[in-house]
Structures are given as C-alpha cells and as structure tokens.
Amino acid sequence: MAVAQAPGQPARPGAQPVDTGPAKPLAPTLKPSRPAGSAQLPNLWDPKRRPEKPTGDLGTIRFLTSGDFPPFNYLDSGGRLTGFNVDLARAICAELTAACTIQMRPFDDLVTAIGERRGDAIVAGLNIGSDLRAKLETTDAYLTMPGRFVAPKGTALTTTPEGLELRWISVVSGSAHEAFVLDSFPKSRVVAYPNEAAARDALRDGTVDVHFGDAVGLSFWLLGEASHNCCEFRGAPYLESNYFGDGLRISVTKGNKRLKQAFDYALHRLSEDGTIAELYFRYFPLGYY
Numbered sequence: 001m002a003v004a005q006a007p008g009q010p011a012r013p014g015a016q017p018v019d020t021g022p023a024k025p026l027a028p029t030l031k032p033s034r035p036a037g038s039a040q041l042p043n044l045w046d047p048k049r050r051p052e053k054p055t056g057d058l059g060t061i062r063f064l065t066s067g068d069f070p071p072f073n074y075l076d077s078g079g080r081l082t083g084f085n086v087d088l089a090r091a092i093c094a095e096l097t098a099a100c101t102i103q104m105r106p107f108d109d110l111v112t113a114i115g116e117r118r119g120d121a122i123v124a125g126l127n128i129g130s131d132l133r134a135k136l137e138t139t140d141a142y143l144t145m146p147g148r149f150v151a152p153k154g155t156a157l158t159t160t161p162e163g164l165e166l167r168w169i170s171v172v173s174g175s176a177h178e179a180f181v182l183d184s185f186p187k188s189r190v191v192a193y194p195n196e197a198a199a200r201d202a203l204r205d206g207t208v209d210v211h212f213g214d215a216v217g218l219s220f221w222l223l224g225e226a227s228h229n230c231c232e233f234r235g236a237p238y239l240e241s242n243y244f245g246d247g248l249r250i251s252v253t254k255g256n257k258r259l260k261q262a263f264d265y266a267l268h269r270l271s272e273d274g275t276i277a278e279l280y281f282r283y284f285p286l287g288y289y
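Per the UniProt record's numbering, the sequence shown starts with residue 1, numbered consecutively.
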C-alpha cells in the first residue's frame, strides 16, 4: 500500500497535489446511501406517494434519445439502437399499453427537437440544470449516478474521513468528485489527474491509496482488462445531489403534466414489479450501488 508523503516532499510522479487548505467541517449529508456490501438497488420512490394511473388514450409517444451514452443509449455492433434507456422506454410503453417510437438524434438537438414538437419525451441521461427547468418537466428519478471509492483488493482501508486521514485519493481535476472529496475528506491528500484513465491507473499502479469517481464508469473498469483485476468497490455509494445531480429522469415539454403523470405511474409500477432491477443488472452486471 502506498504511504502518504511527509510535508515538503515532492509530489508522486505524474500526480498534481491539490492543496486542501484549512480543515473544513464535514458536509452534513455525508452519509452512505446503504450499508456496504449490498448489491441491491436503492429505493428511490416515496412509498407514501402513489402516482395515479392515466386515463384515456395517450396516442403514440415519441421518445427521443442519443446514440452516444453507453450502456444507457447507444448503437450495438449491428447498428441497432439499444441500451438501458431504450429498453426502459419500451417497458414504459408496454405498461401504459401505448404505441411508441424511439428516435435517435444528436444529443445537442434533443431539447430543440422536443421544443419544436418533433418528439414527446427525452430519455437520454439529460442533465437538467436551471436553464432547462423553464423548458422541461421531469419525472421522478429512476437511477442515480453516485460517486464511489475504489481500493486495492485485500487492503483494510475504511473509506471514512477518519480512515482516509493522510491517505492519497486520486480524482479527476475539476470534477464533482474532486469537489466532494475536498469538502468531505479535509484531512486526506487529494491528487488531481487530467482524466479518468490517469486517475484510475494511479490506483492500479499503487501511486495512490484509493480512487474516488463515477460509480457507473468504475463498475466497467473493475470488470475490464485495464484494471488488471486490482481493485474493488470500497464502502457505499454517495448520492449527494448537489455534487452528483438529481438522477436520471425522463423529460417532457413544460406543462405536459399528463404525460409526466403517465411516466411516473409506469416507472413506479416497473420498480415494484422488478423490471427496472432486471434491466439494471442486465446492463450493469457488476452493479454500481
């Protein structure tokens, strides 16, 4: 295991140390979403809220997505549009007994297309910032994009602020994951790298003690050849929305309450009957929660 360097020593090769500054109080929301070791999906639904089943004919629902966000929406080797979001849209249509189409468009064109009534709903991992809230309604979240720690197999590190005191943590420079670690692990030694590959390689090669990053991408890295089977998830996922967003949601045009209600109803039903869980483990075999 790598040992944190004493003050005044040069940085480890290839790394850019980040000055964490004076110690900050821990963020009040620094709570793992579940106990470590569970492979289940977290319950994102309010059990007291029961969306009403839509009435009447919804017509043909035109879903819009992009083809460049695997494994959520992408083109397979045969050029067919597929992915978690695509199969989820089909499951929603089946639940609502509605006719649907799923059209692929460039990601940057999705909001414009729905605004011009060239589609009815976007299911593409769209990040709904304040600029889009005035244009779009969104459903309840059906998945989130948490941050997680990864550590070498066989180590005894605990991923708490105390357990990582003076330990080296690799992150991607300028990312939400870097901001989270700087705010929540003030006594750790944070090392920023220019991209995910470099930050992960630093962990694999023993340059740092742990890596903190996007759980979705890390789940595939851990299964892939690039990791050399070095590492494993450590601790539980962090879902803090002010760092990692409000989760994946379906977007419709502002004011289209009827379609939003229909989607929320279908999503809750698909969660209850296990369809969303089945799709999750189909497309994320390791799981990332």
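The beta carbon of each residue, even a glycine, is placed where N, CA and C say it ideally should be.
Under the three-state DSSP convention, the category residue i falls into
| i | result |
| --- | --- |
| Asn73 | strand |
| Cys231 | strand |
| Asp169 | Looking at the sequence shown, residue 169 is not Asp but Ile. Reduced to three states, the DSSP call for Ile169 is strand. |
| Ile128 | coil |
| Ala15 | Unreliable placement is indicated for Ala15, whose pLDDT of 38 sits below 50; no coordinate value is reported for it. |
| Glu137 | strand |
| Gln40 | coil |
| Thr289 | Looking at the sequence shown, residue 289 is not Thr but Tyr. Tyr289 falls in the coil class under three-state DSSP. |
| Arg148 | strand |
| Ala226 | helix |
| Leu88 | helix |
| Leu157 | coil |
Residue i burial status per 10 Å Cβ neighbour count (16 or more: buried)
| i | result |
| --- | --- |
| Lys153 | exposed |
| Ser241 | exposed |
| Thr144 | buried |
| Asn127 | exposed |
| Thr155 | exposed |
| Asn195 | exposed |
| Arg148 | buried |
| Phe284 | buried |
| Pro106 | exposed |
| His228 | exposed |
Residue i, enclosing alpha helix (DSSP H) - first and last residue
| i | result |
| --- | --- |
| Val181 | 176-184 |
| Tyr283 | 275-283 |
| residue 306 | Because the chain here runs from 1 to 289, residue 306 falls outside it and cannot be looked at. |
| Arg269 | 257-272 |
| Gly217 | 215-223 |
| Tyr142 | Unbroken run through Tyr142: none, as it is neither H nor E. |
Bounding residues of the beta strand (DSSP E) (the contiguous stretch that carries residue i)
| i | result |
| --- | --- |
| Ser251 | 251-253 |
| Tyr193 | 189-193 |
| Leu64 | 61-65 |
| Thr101 | 100-104 |
Nearest residue (CA-CA) to residue i, options the options
| i | options | result |
| --- | --- | --- |
| Gln261 | Pro42, Asn43, Leu41, Arg50 | Arg50 |
| Thr138 | His268, Pro42, Asp264, Leu286 | Asp264 |
| Asn43 | Pro285, Leu75, Leu286, Leu267 | Leu267 |
| Thr275 | Ala94, Phe220, Phe63 | Ala94 |
| Arg133 | Asp273, Leu279, Arg249 | Arg249 |
| Pro54 | Gly67, Leu81, Ile92 | Ile92 |
| Val252 | Val216, His177, Ala113 | Ala113 |
| Val216 | Val190, Lys257, Phe281 | Phe281 |
| Arg189 | Ala176, Ala197, Thr207 | Thr207 |
| Trp168 | Arg269, Asp205, Thr65 | Asp205 |
- Item | Stretch-stretch touch, CB-based, cutoff 8 Å, three pairs: the stretch 159-169 with the stretch 179-195 | yes
- If you pair each beta-carbon of the stretch 86-99 with each one of the stretch 50-70, do three or more pairs fall below 8 Å? yes
- Message: Under 8 Å, with one C-beta from each stretch per pair, do the stretch 101-120 and the stretch 229-248 reach the 3-pair mark?
- Response: No, because fewer than three Cβ pairs between the stretch 101-120 and the stretch 229-248 fall closer than 8 Å, the two stretches do not touch.
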